[in-house]
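S.K.:
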Amino acid sequence: MDTKKFEALLLSVETGSFSKAADKLGITQSGLTHMMNSLEKEIGFAVLSRNFNGVQLTPKGEKLLEDMQNLVESSARLKNKIAYIQESSKKTITIGSYTSVSIAWVLPIIKLFNEAYPDINVEIRGGTIEQNYAWVKDGLVDFAFVSNQFDSETEFIHLNNDPLVAVLPRDTQYTEEYFDIHLFEGEKVILPCFGFDMDIKRALQQYGIEPIFRPTAVDDEVILKMVEAGLGISILSSLVIKNKNYDFIAKEITPAVSRDLGIVLKSHQNLREIEKIFIEYAVEYTKIS
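In this text, residue positions in the sequence shown follow this note's numbering: the first is 221, and each later residue adds one.
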């Protein structure tokens with residue numbers, strides 16, 4: 221049943237007149253009469269009567285009064301809440317990312333952005349590579365800071381390259397200043413999980429390198445502890461190991477390999493202006509970071 225019909229009914233009873241209620245509703249009296257006739261047909265019995273005292277509820281209508289009022293009030297609250305959420309969402313940017321990129325880039329960018337646009341709320345949603353791409357496609361985030369997975373269903377804005385480095389225990393046998401990428405061949409390499417291994421495997425495949433991968437179900441912090449404990453070596457991104465105090469050695473790989481970091485989005489054309497501005501901040505910040 222249409223809640224507007226109940227609103228019109230209650231207003232008719234309140235004013236005691238179809239003509240007065242119609243004026244307040246901005247419709248014709250005949251239109252209101254037709255609406256009430258339609259409502260009574262849906263209900264199955266008469267709820268209004270018109271006499272010398274004006275428009276009144278019938279005895280059966282009186283029994284429905286409280287429930288009709290509750291329905292109209294509940295509908296009004298729902299409409300207000302929907303309007304509030306819609307208005308709030310216009311002032312919110314929702315970003316997907318993962319830990320290393322959030323710490324190194326996203327948080328500083330948000331700080332700079334909020335200094336200029338303090339009324340815009342920026343929310344971060346952290347997840348795996350696969351999750352971030354899925355969130356973008358499903359519209360759960362406006363865009364995400366991720367590595368380029370060359371996904372045909374999305375657009376990608378390159379920001380910067382994040383070099384991959386060899387992560388070695390302190391007592392490593394590899395003493396050269398740089399770590400030749402071919403040394404990974406046949407070596408036991410501890411890999412991160414949750415899709416973050418995709419960038420590493422792609423980089424090694426460029427040179428036909430096939431290590432003995434040791435997949436894990438742990439995060440980067442645990443991998444660093446495993447390397448520190450001498451349980452193997454790893455290959456991670458520079459952002460992941462940045463400012464980490466574990467006892468390990470990080471060596472630049474030669475030839476250099478990296479992951480392509482940027483922003484994945486559904487369509488740049490459909491971005492709101494404030495989202496485009498945020499992305500401009502991201503482009504400028506990552507130029508110098």
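Cβ atoms here follow ideal geometry from the backbone N, Cα and C, with glycine treated the same way.
1) Relative to the C-alpha of residue 363, which candidate in 236, 263, 489 and 382 has its C-alpha closest?
2) When the distance is taken between beta carbons, is residue 405 closer than 8 Å to residue 429?
3) Just list the beta strand (DSSP E) runs in the segment 303-341, keeping only unbroken ones of 3 residues or longer that don't cross its boundaries, in chain order.
4) Helix, strand or coil for residue 247 per DSSP?
5) Whose CA, out of 407, 437 and 436, lies closest to the CA of residue 424?
6) If distances are taken between C-alpha atoms only, which option among 441, 350, 477 and 238 comes closest to residue 463?
7) In chain order, what residues of the same chain have a beta carbon less than 6 Å from the beta carbon of residue 427, not counting five sequence neighbours either side?
8) Would you check if the distance between the CB atom of residue 484 and the CB atom of residue 366 is smaller than 8 Å?
9) On the DSSP bridge assignment, give the partners of residue 453 in chain order.
10) Mind checking which residues open and close the beta strand (DSSP E) that includes residue 352?
11) How many angstroms separate the CA atom of residue 243 from the CA atom of residue 232?
12) How is residue 491 classed by DSSP in three states: helix, strand or coil?
13) Looking only at its own chain, which residues have a Cβ that is under 8 Å from the Cβ of residue 355, when we skip the five neighbours before and after it?
14) Cα separation between residue 237 and residue 256?
15) Under 8 Å, with one C-beta from each stretch per pair, do the segment 382-399 and the segment 447-456 reach the 3-pair mark?
16) How long is the line joining the alpha carbons of residue 280 and residue 247, rounded to whole angstroms?
17) Alpha carbon to alpha carbon, how far is residue 502 from residue 397? Give it in angstroms, no decimals.
18) Is the beta carbon of residue 266 less than 8 Å from the beta carbon of residue 278?
19) Residue 384: which of 341, 230 and 419 sits nearest, CA to CA?
20) For my contact list, residue 482 and residue 352 are in at a C-beta cut-off of 8 Å; report their separation, rounded to the angstrom.
21) When you compare each of 477, 450 and 377 to residue 469 by their alpha carbons, which one comes out closest?
22) Decide if residue 327 is buried, meaning its Cβ has at least 16 other Cβ atoms within 10 Å, or exposed.
23) In terms of alpha-carbon separation, which member of 393, 435, 336 and 500 lies closest to residue 416?
24) For residue 186, tell me which candidate among 342, 298, 274 and 225 has the shortest Cα-Cα distance.
25) Just list the residues that DSSP pairs residue 343 with in beta bridges.
26) Measure the C-alpha to C-alpha separation of residue 259 and residue 294 and round it to an integer number of angstroms.
27) So residue 339 and residue 311 are supposed to be a Cβ contact under 8 Å. How far apart are they, rounded?
28) Can you give me the start and stop residues for the alpha helix (DSSP H) that residue 461 sits inside?
29) I need the straight-line Cα distance from residue 433 to residue 411, nearest angstrom please.
M.R.: Based on what the coordinates show:
1) 489
2) yes
3) Taken in chain order, the complete beta strand (DSSP E) segments of 3 residues or longer contained in the segment 303-341 are 312-317.
4) coil
5) 407
6) 441
7) 401
8) yes
9) Residue 453 is bridged to 409.
10) Taken as a continuous stretch (DSSP letters only), residue 352 belongs to no beta strand (DSSP E), being part of the alpha helix (DSSP H) at 349-358.
11) Roughly 11 Å between the two C-alpha positions.
12) coil
13) 316, 345, 347, 361 and 364
14) 13 Å
15) yes
16) The alpha-carbon atoms of residue 280 and residue 247 are separated by roughly 27 Å.
17) 33 Å
18) Contact: yes.
19) 419
20) About 12 Å separates the two Cβ atoms, so there is no contact after all.
21) Comparing Cα positions, the closest option is 450.
22) exposed
23) 435
24) Because the chain spans 221 through 509 in this model, residue 186 falls outside it and cannot be assessed.
25) 314
26) Distance from the CA atom of residue 259 to the CA atom of residue 294, rounded to whole angstroms, is 19 Å.
27) 6 Å
28) 458-461
29) 7 Å
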